[in-house]
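Just so we're aligned: the sequence shown equals residues 8 to 361 in the working numbering. Glycine included, every Cβ here is placed at the ideal spot set by N, Cα and C. Some notes on the structure that comes next.
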Amino acid sequence: MSVVGARPQFVKLAPVAQALAGRAEHVIVHTGQHYDHNMSDAFFTDLGIPHPDHNLGVGSGSHGAQTGTMLAGIEELIGETAPDWVLVYGDTNSTLAAALAAVKVHVPVAHLEAGLRSFNRRMPEEINRVLTDHAADLLLAPTPTASEHLRSEGLASRTVEVGDVMTDVLLRVLAAGAHRPHPLPEVEGTDYLVATVHRPDNTDEPHRLRSIVEGLAGLDRPVVLLAHPRLRAAAERHGITLDVGALRLSDPLGYPDLVAAVGRSTGVVTDSGGLQKEAFLLRVPCTTLRPETEWVETVDLGWNVLVDEGFERLGEIVGRAAPAPTSAAPYGDGDAARRVVDALEQHHAGRATI
Ligand code: UD1
């Protein structure tokens, strides 16, 4: 049983569902954490993911209300379907709810994308991933850095390094979309940037959000801002206009369009985890609006720069010299999902905790 609920999890589910087809019966549970068409259904359609078998429809709410409603719903579904494994993805409230529901009723839990750490306990995602790793029976780590974090927390014996399934899906989408039309006709043929901002630490405090928006608006080329619903809601609440200066406001894109838009851009400015890595895989320089990143390899290799203050200087940072070309592949070879399924099969034979 795979449990997903938020946009980045649908992307990770796509290659896993494909690898599981024909090898195991796969029940897909959607918690309903993300529910707008372009945050949810569009990903299932574009990436060929089977329609979810169950949708809990939990919607938005405070952390406690959202996670608690999911926990009760998932527990019931586990009771009805008796899965051999519950597979959870990434670091959202849906991840934590599913891990907790399963472990309490003694159903083995596997955590995909285990071992990522920002070491920033203000992030809800950091709490979700630490608790999920410690609850889970099988930790599917994407990189040596992630495996090392798990080892230092005493979790080495449950860890299997499989690579990053985000590389699988990106390579597949790139191969299929070589002749895709430009998803952003308004900037076709121009030097443009792609931006996203959605983390609570960036959106919820009016002064900080205003200085980020002003920094982006003052850049020297068009900045297509793919606005997450949290950003739109926060901007409206704080009376901040998003469609100013260099900014061109757009709805979030589906995954194939996002890959095409980033691939043709000259830079990415973001606080998303996944987008930092997609930019690196497409060899587009990234500027990350956060004090730290889980994807440290992108910074070490010179393709990502972190900015946490002084957003009026964003122009200098975004306009920095191009990074040195690299053939490094810290996120694997595009065959991670097959290794995920191999690990589930092998460790299931031994039952539960490995
Ligand atoms: C969640 C994840 C985060 C992930 C992000 C990707 C948690 C704690 N955070 O953050 O790790 O990077 O998803 O997008 O789980 N909303 C809509 N329509 C939707 C979904 C959300 O309008 O389809 C609104 C909600 O009403 C809410 C806001 O967006 O006000 C935030 O949604 P929520 O699911 O709480 O967290 P995200 O910020 O999306």
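The beta-carbon distance between proline 263 and asparagine 127, rounded to whole angstroms, is 31 Å. This is too long to meet the 8 Å contact definition. Put simply, the backbone Cα of glycine 274 is about 29 Å away from that of valine 23. Looking at the backbone, the Cα of leucine 157 and that of alanine 185 are separated by about 38 Å.
Taking the Cβ of threonine 99 as the reference point, at least one heavy atom of the ligand UD1 falls within a distance shorter than 7 Å. Residue environment: glutamate 285 is assigned as buried (16 or more neighbouring CB atoms within 10 Å of its CB, all protein chains considered). When the beta-carbon positions are compared, alanine 224 and glycine 252 come within less than 8 Å of each other.
Comparing alpha-carbon positions, the option among Ala148, Arg179, Ala26 and Val176 lying closest to serine 164 turns out to be Ala148. Taking a 10 Å sphere around the C-beta of threonine 210, we find 16 or more other C-beta atoms and assign the residue as buried. Taking the Cα of glycine 309 as reference, the smallest distance to any Cα among Asp315, Gly317, Leu288 and Gly322 is reached at Leu288. Around the beta carbon of aspartate 140, 16 or more other beta carbons lie within 10 angstroms, which makes this residue buried. As computed with DSSP, glutamate 168 is found in a beta bridge with Ala148. Taking C-beta atoms as the reference points, threonine 99 and alanine 28 fail to come closer than 8 Å. Residues of the same chain with a CB within less than 8 Å of the CB of arginine 239, apart from the 5 flanking positions on each side, are Leu249 in chain order.
Three or more Cβ pairs closer than 8 Å define a contact, and the segment 75-84 falls short of that threshold against the segment 48-59. Annotation for glutamate 352: no residue places its beta carbon closer than 6 Å to its own, counting only its chain and skipping 5 residues before and after.
Taken in chain order, the complete alpha helix (DSSP H) segments of 4 residues or longer contained in the segment 194-268 are 207-210, 213-224 and 236-245.
Spanning the alpha carbons of proline 332 and valine 114 requires a straight line of approximately 46 Å. Going by C-alpha positions, leucine 94 is about 37 Å away from glutamate 243. As computed with DSSP, asparagine 311 is found in a beta bridge with Cys293. For leucine 84, the enclosing alpha helix (DSSP H) starts and ends at 70-88.
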